[in-house]
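**Q** Here the protein sequences come in this chain order: Z and U.
Start counting the first sequence at 2; every next residue gets the next number (the working numbering).
Start counting the second sequence at 2; every next residue gets the next number (the working numbering).
Every residue, glycine too, gets a C-beta built ideally from N, C-alpha and C.
Handing you this structure, nothing more for now.
There are 2 protein chains.
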Amino acid sequence: MTEKQEKILRAALQLFAKEGYHATSTSKVAKLAGVSEGLIFRHFGNKEGLLYAILAVGENKMKTLFVDIVMESEPKQVIRKTIEMTSKIDVSDYDFWKLQFKLKWELEINSDKKMEPLKMALTNAFQKLKYESPKMEAQLLILFIDGMGSAVLKGSSLNPTEMIQFLLRKYEL
Amino acid sequence: MTEKQEKILRAALQLFAKEGYHATSTSKVAKLAGVSEGLIFRHFGNKEGLLYAILAVGENKMKTLFVDIVMESEPKQVIRKTIEMTSKIDVSDYDFWKLQFKLKWELEINSDKKMEPLKMALTNAFQKLKYESPKMEAQLLILFIDGMGSAVLKGSSLNPTEMIQFLLRKYEL
DNA sequence: AACAAATGTAAGTAATCACTTGCAAAAATA
DNA sequence: TATTTTTGCAAGTGATTACTTACATTTGTT
């Protein structure tokens, strides 16, 4: 990975996350990155290739965020860590997460499949804790996580710390 | 409102909801509507004007969906109706709601303010029912509604009817 | 050192973008 | 009926789009 390649990826992430994929032209990316426009196509083939290069880099961020939860054996800890997940997101990664949410609607790129391991872990946790409908409980919690993430990234009025505390009490954690 | 004006609005809603605002060109809208491209600008000024004309038409849809809940005096009914809200959405209105969610991310058009009356009604309802943190409860439920709507409109694997039943049980309704 | 491959740029390309102009037909108003 | 206003279209406009080409420079390999 060249220095200029990284500059392109950083610039593209920043612009895609802020303005959206279609609203960002390759010439804008090149300008912000301080490279010639042609270099984008030399390295990434086309605009779509640039997008997927960004997503590939960020894929690991998501995995490392999940692996700590999925590996956890204590059921109560699985639930606690899931609820606290959004607060664990580094501010420097906001652009990446914002892009993830944006793409879900702008293009129809779904990140649901990546959620599957988390859903499994949660279902198991709720089952161990003798909840009546562990599968539904897992789905509901994921719904909340998604909503929390969305609220935080859009700078909604919602106070995430307060909401996390509230949820932890609800699940008796 | 001319017949051709309506045709333009219908075509634009369909395309904006499916492909997104930036990905839809005015020429595509004109083609689908079966009119000349210039007519769009004659009637709506520019592309943004076309978008806001669509949103103005749909504004009432949102209001009528909320008014039934906000006017309800029985607290348990307020909560029940809120939970059941997503299932009350007509399939023919899917495009409008999809556009609403899309715009929240593609442009930064926030529909949070329109949620405020619902939030107030829910807070009151939870207060009457002696919940410990009525405000947080209201916020949590709205988070859920948002997530449900998002899941339904994106055709996620989530079964909304099942989830609604599950939630009604959770709130002892 | 010699050669090949990879990295980089400047200046293009045709196509498409949102939008305008000029003019005709229809509708409303007098 | 005469006149104005509104509705509509065909054919434009310059700007911007994603992408290509031709050529120079740097880097890696033998």
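Is it right to say U/V68 is buried, meaning 16 or more other beta carbons lie within 10 angstroms of its own, or is it exposed?
**A** Counting Cβ neighbours within 10 Å, U/V68 comes out exposed, since fewer than 16 surround it.
**Q** Does the stretch 29-37 of chain Z come close enough to the stretch 9-16 of chain Z to have 3 or more Cβ pairs within less than 8 Å?
**A** They touch, by the three-pair rule.
**Q** How far does the alpha helix (DSSP H) with U/V92 in it extend, from its first residue to its last?
**A** Careful: U/V92 lies outside any alpha helix (DSSP H) and carries neither H nor E.
**Q** By alpha-carbon positions, which one of U/M116, U/A152, U/H44 and U/E133 ends up nearest to Z/W106?
**A** Ranking the options by Cα distance to Z/W106, first place goes to U/A152.
**Q** Given U/L159, which residues of its chain have a CB within under 7 Å of its CB, disregarding the five upstream and five downstream residues?
**A** Only A152 meet the Cβ criterion.
**Q** Chain Z partners of U/W106, CB-CB under 7 Å?
**A** The answer, in chain order, is F102, K103, W106 and E107.
**Q** Return yes when the Cβ of U/I84 is within less than 8 Å of the Cβ of U/L141, no when it is not.
**A** Cβ distance not < 8 Å, so U/L141 and U/I84 don't count as in contact.
**Q** For Z/Y132, name the three-state secondary structure that DSSP assigns.
**A** Note: Z/Y132 maps to coil in three-state DSSP.
**Q** Measuring CB atoms only, is the stretch 102-118 of chain U touching the stretch 95-106 of chain Z, in the sense that at least three cross pairs come out at less than 8 Å?
**A** Enough Cβ pairs lie closer than 8 Å, so yes.
**Q** Compare the Cα-Cα distances from U/I110 to each of U/E20, U/E49 and U/A122 and report the closest residue.
**A** Closest by alpha carbon: U/E49.
**Q** Would you mind sorting U/R43 into buried or exposed? The rule is 16 or more other CB atoms within 10 Å of its CB.
**A** The residue in question, U/R43, is exposed, as its Cβ has fewer than 16 Cβ neighbours within 10 Å.
**Q** Out of U/L154, U/E117 and U/T25, point me to the one whose CA is closest to U/D94's CA.
**A** Among U/L154, U/E117 and U/T25, the Cα nearest to that of U/D94 is on U/L154.
**Q** Going along the chain, which residues of the stretch 21-55 of chain Z sit with their C-beta nearer than 9 Å to a C-beta in chain U?
**A** Flagged, chain order: G21, Y22, H23 and A24.
**Q** Quick one: which residues of the stretch 159-170 of chain Z get their C-beta closer than 8 Å to a C-beta of chain U? List them in chain order.
**A** Correct list: L159, E163, M164, F167 and L168.
**Q** If you draw a straight line from the alpha carbon of U/S74 to that of U/L130, how long is it in whole angstroms?
**A** Going from the Cα of U/S74 to the Cα of U/L130 covers about 12 Å.
**Q** Got a sec: is the Cβ-Cβ distance from Z/F17 to anything in chain U below 8 Å?
**A** So no, Z/F17 is outside the interface.
**Q** What would DSSP say about Z/L100, mapped onto helix, strand or coil?
**A** In the structure shown, Z/L100 sits in a helix (DSSP, three-state: H, G or I).
**Q** Could you please tell me which residues of the stretch 140-157 of chain U, in chain order, have their CB closer than 8 Å to any CB of chain Z?
**A** Those would be Q140, L141, L144, F145, D147, G148, M149, S151, A152, K155 and S157, in chain order.
**Q** Check the Cβ of Z/S134 against every Cβ in chain U and list those closer than 7 Å, keeping chain order.
**A** The answer, in chain order, is F167.
**Q** Within 8 Å (strictly less), CB to CB, does Z/M86 reach chain U?
**A** Chain U contact via Cβ: absent.
**Q** Nearest CA to the CA of U/E4: which residue from U/R81, U/G35, U/K19 and U/E60?
**A** Answer by Cα proximity: U/G35.
**Q** Identify which residue in U/A139, U/A57 and U/S157 has its Cα closest to the Cα of U/Y172.
**A** Nearest option by C-alpha distance: U/A139.
**Q** Excluding the 5 residues flanking Z/T87 on each side, which residues of the same chain have their C-beta closer than 8 Å to its C-beta?
**A** Closer than 8 Å at the Cβ level, and outside the excluded window around Z/T87, lie I146, M149, G150, V153, P161 and I165.
**Q** Near Z/H23, which residues of its chain fall below 8 Å by C-beta distance, leaving aside the five closest residues on each side in sequence?
**A** Closer than 8 Å at Cβ, skipping near neighbours: E107.
**Q** I'd like the span of the alpha helix (DSSP H) that includes Z/N61, first residue to last.
**A** Looking at the DSSP string, the run of the alpha helix (DSSP H) that includes Z/N61 is K48 to V71.
**Q** So that I know if they touch, is there some Cβ in chain U lying closer than 8 Å to that of Z/D94?
**A** Cβ-Cβ to chain U under 8 Å: no for Z/D94.
**Q** Measuring alpha carbon to alpha carbon, tell me which residue in U/M121, U/M2, U/G59 and U/F45 is nearest U/K99.
**A** Minimum Cα distance to U/K99 is reached at U/G59.
**Q** Is it buried or exposed for Z/M2, if we count other Cβ within 10 angstroms and need 16 for buried?
**A** Looking at its Cβ environment, which holds fewer than 16 other Cβ atoms inside 10 Å, Z/M2 is exposed.
**Q** Between the alpha carbons of U/M116 and U/T124, how many angstroms are there, rounded?
**A** Roughly 12 Å between the two C-alpha positions.
**Q** Going by the beta-carbon positions, is the gap between U/K62 and U/F17 smaller than 8 Å?
**A** No, the Cβ-Cβ distance between U/K62 and U/F17 is not below 8 Å.
**Q** Report the neighbours of Z/M137 on chain U: residues whose CB is nearer than 8 Å to its CB, in chain order.
**A** The contacting residues are E163, M164 and F167.
**Q** Alpha carbon to alpha carbon, how far is U/S37 from Z/D91? Give it in angstroms, no decimals.
**A** Roughly 50 Å separates the two Cα atoms.
**Q** Would you report the Cα separation of Z/A126 and Z/V79, rounded to the nearest angstrom?
**A** Distance between the alpha carbons of Z/A126 and Z/V79: 7 Å.
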